[in-house]
Amino acid sequence: MRALMEQATEIGEQLKAAKQTVAVAESSSGGLVSAALLSVPGASAYYLGGGVVYTPKARVMLMEIPKTALEGMRSASEPYALLLARTVRERFGATWGVSETGAAGPTGNPYGDAAGHTCVAVSGPVEFVTTIETGSADRAANMEAFAAAVLELLRKASA
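The sequence shown runs 5 to 163 under this note's numbering.
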């Protein structure tokens, strides 16, 4: 968690200097992205909120994404990660929306993705989405790697 907090400190300073804000929709990272961003003193200047969108029910309850928006899309995919990032950005009125969706482990998901697979996205003045494959079944290590990937993508996008 210390490494995530260090990443978040740099990002927090960057966001505050630019007077930008962020909202988070994460899944397999289980709240680590938000925890890292909130560990920085003064986080209220840039962190607007977020949620752990871990299940289809959470997606409906927290994000209000209609089933029609998901046609031809599956979770743990780049299109879904981008949809989450765009939606959380819009719902919170943030400069940036970030998301993560994957399979932390120790097993994969029902869609055939192995443990250690995740897709991360950032939506704002620019958009990026990428897939991460850690090759590990270590759940906790994957969760940290997923969160680090989200934070790195946000750092690059908001620079």
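Where a beta carbon is used, it is the ideal one built from N, C-alpha and C, also for glycine. Because the structure is a prediction, the values reported are computed rather than measured.
Simplified DSSP state of Thr134, which is helix, strand or coil
Working through the sequence shown from its first residue, we reach residue 134 at position 130. Three-state DSSP puts Thr134 in a strand.
Have a look at Gly35 and Val28 and give me their C-alpha separation to the nearest angstrom.
Taking the first residue of the sequence shown as position 1, residue 35 is located at position 31. Taking the first residue of the sequence shown as position 1, residue 28 is located at position 24. In this structure, the straight-line span from the alpha carbon of Gly35 to that of Val28 is close to 9 Å.
Straight-line Cα distance separating Ala21 from Thr122:
Locating residue 122 in the sequence shown gives position 118, where the first residue counts as 1. Locating residue 21 in the sequence shown gives position 17, where the first residue counts as 1. Cα-Cα distance, rounded: 30 Å.
Let me know the secondary structure DSSP gives Ala153 once reduced to three states.
Residue 153 sits at position 149 when you count from the first residue of the sequence shown. Of the three classes helix, strand and coil, the one that applies to Ala153 here is helix, per DSSP.
Report the residue from Ser81, Tyr50 and Ser127 whose alpha carbon sits nearest the alpha carbon of Pro114.
Within the sequence shown, residue 114 is the residue found at index 110, counting from 1. When each option's Cα is compared against that of Pro114, the closest is Ser81.
CB Ala12 to CB Leu52, shorter than 8 Å?
By one-based count along the sequence shown, residue 12 stands at place 8. By one-based count along the sequence shown, residue 52 stands at place 48. At the C-beta level, Ala12 and Leu52 stay beyond 8 Å of one another.
May I ask you to report which of helix, strand or coil DSSP gives Thr105?
For the purposes of this step, residue 105 is taken as the residue at position 101 of the sequence shown. The three-state reading of DSSP puts Thr105 in strand, counting E and B together.
Thr111 by DSSP, collapsed to three states: which one?
Taking the first residue of the sequence shown as position 1, residue 111 is located at position 107. DSSP places Thr111 in coil when its eight states are reduced to three.
First and last residue of the beta strand (DSSP E) that includes Ala27?
For the purposes of this step, residue 27 is taken as residue 23 along the sequence shown, with counting starting at 1. Val26 to Glu30 is the extent of the beta strand (DSSP E) around Ala27.
Using 8 Å as the cut-off, can you tell me whether the segment 53-66 makes contact with the segment 131-147, which would need three or more C-beta pairs spanning the two stretches below that distance?
No: the two stretches stay apart, fewer than three of their Cβ pairs being nearer than 8 Å.
Same chain, Cβ closer than 8 Å to Ala152, neighbours up to 5 away in sequence not counted:
The residue labelled residue 152 in the question sits at position 148 within the sequence shown. Same-chain partners within the cutoff: Ala7, Leu8 and Gln11.
Could you tell me whether any non-hydrogen atom of the ligand SAM is closer than 7 Å to the CB of Ala108?
The ligand SAM is not among the ligands present in this structure, which contains no ligands whatsoever.
Taking Ala161 and Val124 to be in contact with their CB atoms under 8 Å, please state how far apart those CB atoms are, rounded to whole angstroms.
Taking the sequence shown and counting its residues from 1, one reaches residue 161 at position 157. Taking the sequence shown and counting its residues from 1, one reaches residue 124 at position 120. Not quite, the Cβ-Cβ distance comes to about 11 Å (not below 8 Å), so this is no contact.
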